[in-house]
Amino acid sequence: MHPKDRTSGARQRGSSPRPRHEGPRERLISRGAEALSAGELIALVLRTGYRAGDAHDVARGLLARCGGLDRLESAPACEMAAVPGVGPAKAASLVAAFELGRRCAASHLPEGAALRSPEDVFRHFAAGLRRLDHERFVVVLLDGRHRVLGEEVVSRGTLTASLVHPREVFRPALRASAAAVILVHNHPSGDPTPSAEDRSVTARLADAGEILGVRVLDHVVVAERGFVSLREEGALDFPAGVKVASAKGRGAS
Numbered sequence: 008m009h010p011k012d013r014t015s016g017a018r019q020r021g022s023s024p025r026p027r028h029e030g031p032r033e034r035l036i037s038r039g040a041e042a043l044s045a046g047e048l049i050a051l052v053l054r055t056g057y058r059a060g061d062a063h064d065v066a067r068g069l070l071a072r073c074g075g076l077d078r079l080e081s082a083p084a085c086e087m088a089a090v091p092g093v094g095p096a097k098a099a100s101l102v103a104a105f106e107l108g109r110r111c112a113a114s115h116l117p118e119g120a121a122l123r124s125p126e127d128v129f130r131h132f133a134a135g136l137r138r139l140d141h142e143r144f145v146v147v148l149l150d151g152r153h154r155v156l157g158e159e160v161v162s163r164g165t166l167t168a169s170l171v172h173p174r175e176v177f178r179p180a181l182r183a184s185a186a187a188v189i190l191v192h193n194h195p196s197g198d199p200t201p202s203a204e205d206r207s208v209t210a211r212l213a214d215a216g217e218i219l220g221v222r223v224l225d226h227v228v229v230a231e232r233g234f235v236s237l238r239e240e241g242a243l244d245f246p247a248g249v250k251v252a253s254a255k256g257r258g259a260s
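The sequence shown begins at 8 in this note's numbering and counts up one residue at a time.
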């Protein structure tokens, strides 16, 4: 070996190793997903970029095109696919990832949980309902002490008396021997103000519940800008001894 080569080899052996770049995947594993930005998380889902940029460039393009993470979350797959570097396959992966997050956040209430106020109802259902592009009507089944027995999705679509029939609402309640129910539905418009149809449906269901011996405790409207309790709006008479916090105009993040 040439002396110069030996000197070079010794210098290489004695030098400190070059620090290895820690990318988003490595940081997620070592520090947790919360250590990553929204763009980095999106890039990990995308996995690859395209000729004009890497996955991080594509993620930035998605966020810019949709106006931020909140809007990207609810964007249709066709809109995501139109962003350069995305396409149908990556758009489908993103939609699936967002849907999994929504389903985890809106997992069913555990049996025996207590809903003590409209705020409790909003906190549980907001993630799964507030950004939907269609109305969804849910009935929460309660026992005699107002503890949760379960929940059922009764209808999907515009809230009307024909879609939300007492038969569909109270069938699961009677099957579970529920003593009371809380009604929950969303407004895709983002405004939680109850409509005339909301009030009409609530009154009809409350009357049916009294006949069946299953009291309608509340009907909570969930939307992007907060929530409204129809009981607090005067649409229902709250039973004595049950306290409800003021809800109107609150709850928006």
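Glycine included, each C-beta is placed from N, C-alpha and C at the ideal position.
Q: Enumerate in chain order the residues of its own chain whose CB-to-CB distance from Asp225 is below 6 Å, with the five nearest sequence positions on each side excluded.
A: In the sequence shown, counting from the first residue as 1, residue 225 sits at position 218. Leaving aside the five residues that flank Asp225 on each side, the residues in its chain whose CB is nearer than 6 Å to its CB run, in chain order, Ile189, Ser236, Arg238.
Q) So, Pro91 versus Gly75, is the Cβ gap smaller than 9 Å? A) Start at 1 with the first residue of the sequence shown, and residue 91 comes out as number 84. Start at 1 with the first residue of the sequence shown, and residue 75 comes out as number 68. Cβ distance not < 9 Å, so Pro91 and Gly75 don't count as in contact.
(Q) Among the candidates Val228, Pro201, Ala180, Val191, whose CA atom is the shortest distance from the CA of Leu219? (A) As a working note, residue 219 is residue 212 in the sequence shown. With distances taken between CA atoms, Leu219 lies nearest to Ala180 out of Val228, Pro201, Ala180, Val191.
Q. Per DSSP, which one or two residues make a beta bridge with Leu156?
A. Reading the sequence shown from its first residue, position 149 is the one you call residue 156. Answer by DSSP bridge pairing: none, since Leu156 is not bridged.
Q. If Val145 sits next to Val93, beta carbons under 8 Å apart, how far is it from one beta carbon to the other, in whole angstroms?
A. Position 138 of the sequence shown, counting from 1, holds the residue named residue 145. Position 86 of the sequence shown, counting from 1, holds the residue named residue 93. Contact check for Val145 and Val93: beta-carbon distance about 33 Å, past the 8 Å limit, so the pair fails to qualify.
(Q) Let me make sure I understand the geometry here. Which of Ala88, Ala187, Arg137 has the alpha-carbon closest to that of Val155? (A) Taking the first residue of the sequence shown as position 1, residue 155 is located at position 148. Per the Cα distances, Ala187.
Q. Taking the C-alpha atoms as reference points, what is the distance between Asp64 and Gly56?
A. To locate residue 64, count along the sequence shown from 1; it is residue 57. To locate residue 56, count along the sequence shown from 1; it is residue 49. Answer to the nearest angstrom: the Cα atoms are 7 Å apart.
Q. What residue from Arg110, Val229, Pro83 has the CA that sits closest to Ala98's CA?
A. Taking the first residue of the sequence shown as position 1, residue 98 is located at position 91. Of the candidates Arg110, Val229, Pro83, the residue whose Cα lies closest to the Cα of Ala98 is Pro83.
Q. Using a Cβ-Cβ cut-off of 6 Å (strictly less than) and excluding sequence neighbours within five positions of Arg138, which residues of its own chain qualify?
A. Mapped onto the sequence shown, residue 138 falls at position 131. Take Arg138, set aside five residues on each side of it, and the residues of its chain with a beta-carbon closer than 6 Å to its own are Ser81, in chain order.
Q: Would you list, in sequence order, the uninterrupted alpha helix (DSSP H) runs of no fewer than 4 residues that lie entirely inside the segment 22-86?
A: Whole alpha helix (DSSP H) segments, 4+ residues: 31-38, 45-53, 62-73, 76-81.
Q. Which parts of the segment 133-217 are runs of the alpha helix (DSSP H), unbroken and 4 residues or longer, counting only runs that do not cross its ends?
A. Taking only runs of at least 4 residues, the alpha helix (DSSP H) segments lying wholly in the segment 133-217 are 173-182.
Q: Report yes if the CB atom of Ala62 is closer than 9 Å to the CB atom of Leu53, and no otherwise.
A: Along the sequence shown, one-based indexing puts residue 62 at 55. Along the sequence shown, one-based indexing puts residue 53 at 46. The Cβ atoms of Ala62 and Leu53 lie closer than 9 Å to each other.
Q) Around the Cβ of Asp324, are there at least 16 other Cβ atoms within 10 angstroms (buried) or fewer (exposed)? A) Absent from the structure is residue 324, since the part of the chain shown begins at 8 and ends at 260.
Q) Three-state secondary structure (DSSP) at Arg238? A) The residue given as residue 238 occupies position 231 in the sequence shown. Coil at Arg238, not helix or strand.
Q: Would you mind working out which of Asp127, Leu148, Cys111 sits nearest Val176, comparing C-alpha positions?
A: As a working note, residue 176 is residue 169 in the sequence shown. The option with the nearest alpha carbon to Val176 is Leu148.
Q: Report the rounded CA-to-CA distance for Leu136 versus Arg38, giving the unit in angstroms.
A: One-based indexing of the sequence shown puts residue 136 at position 129. One-based indexing of the sequence shown puts residue 38 at position 31. In a straight line, the C-alpha of Leu136 is about 31 Å away from that of Arg38.
Q. Roughly how many whole angstroms lie between the Cα atoms of Gly164 and Glu106?
A. Translated into the one-based positions of the sequence shown, residue 164 becomes position 157. Translated into the one-based positions of the sequence shown, residue 106 becomes position 99. Gly164 and Glu106 have their C-alpha atoms spaced approximately 18 Å apart.
Q.
Does Ala120 come out as helix, strand or coil in the three-state DSSP assignment?
A. One-based indexing of the sequence shown puts residue 120 at position 113. In this structure, Ala120 counts as coil in the three-state DSSP scheme.
Q: For Ala77, count neighbouring Cβ atoms within 10 angstroms of its own Cβ and tell me buried if that reaches 16, exposed if not.
A: Residue numbering aside, residue 77 sits at position 70 when the sequence shown is read from its first letter. Correcting the residue identity first, residue 77 is Asp in this sequence and not Ala. With fewer than 16 other Cβ atoms within 10 Å, it is exposed.
Q | Chain-order list of residues whose beta-carbon lies under 7 Å from that of Asp198 (same chain, five-residue window excluded) | A | Counting from one through the sequence shown, the residue named residue 198 turns up at place 191. In the same chain as Asp198, and ignoring 5 residues on each side of it, the C-beta atoms closer than 7 Å to its own belong to Ala230, Arg232, in chain order.
Q: Drop a sphere of 10 angstroms on the beta-carbon of Arg5, count the other beta-carbons inside from all chains shown, and report buried for 16 or more, exposed for fewer.
A: Coverage of the chain is limited to positions 8 through 260, which leaves residue 5 absent and any answer about it impossible.
Q) Between Val223 and Leu212, which are expected to be in contact by the criterion C-beta below 8 Å, what is the C-beta distance as a whole number of angstroms? A) As a working mapping, residue 223 is identified with position 216 in the sequence shown. As a working mapping, residue 212 is identified with position 205 in the sequence shown. Their Cβ separation, rounded to whole angstroms, is 6 Å, which keeps Val223 and Leu212 in contact under 8 Å.
**Q.** Ala134 versus Ala59: straight-line alpha-carbon distance, rounded
**A.** The sequence position of residue 134 within the sequence shown is 127, counting from 1. The sequence position of residue 59 within the sequence shown is 52, counting from 1. Computed Cα separation, rounded: 35 Å.
Q | Rounded C-alpha distance that separates Ala51 from Arg32 | A | Position 44 of the sequence shown holds residue 51. Position 25 of the sequence shown holds residue 32. The sequence as given places Leu at residue 51; Ala does not occur at that position. The C-alpha of Arg32 is placed about 7 Å away from the C-alpha of Leu51.
Q: Use the C-beta contact count for His194: other C-beta atoms within 10 angstroms, 16 or more gives buried, fewer gives exposed.
A: The residue given as residue 194 occupies position 187 in the sequence shown. Within 10 angstroms of the beta-carbon of His194 lie 16 or more other beta-carbons, which makes it buried.
Q: Compare the Cα-Cα distances from Glu5 to each of Ala42, Ala185, Glu240 and report the closest residue.
A: Residue 5 lies beyond the range of the chain shown here (8 to 260); nothing can be said about it.
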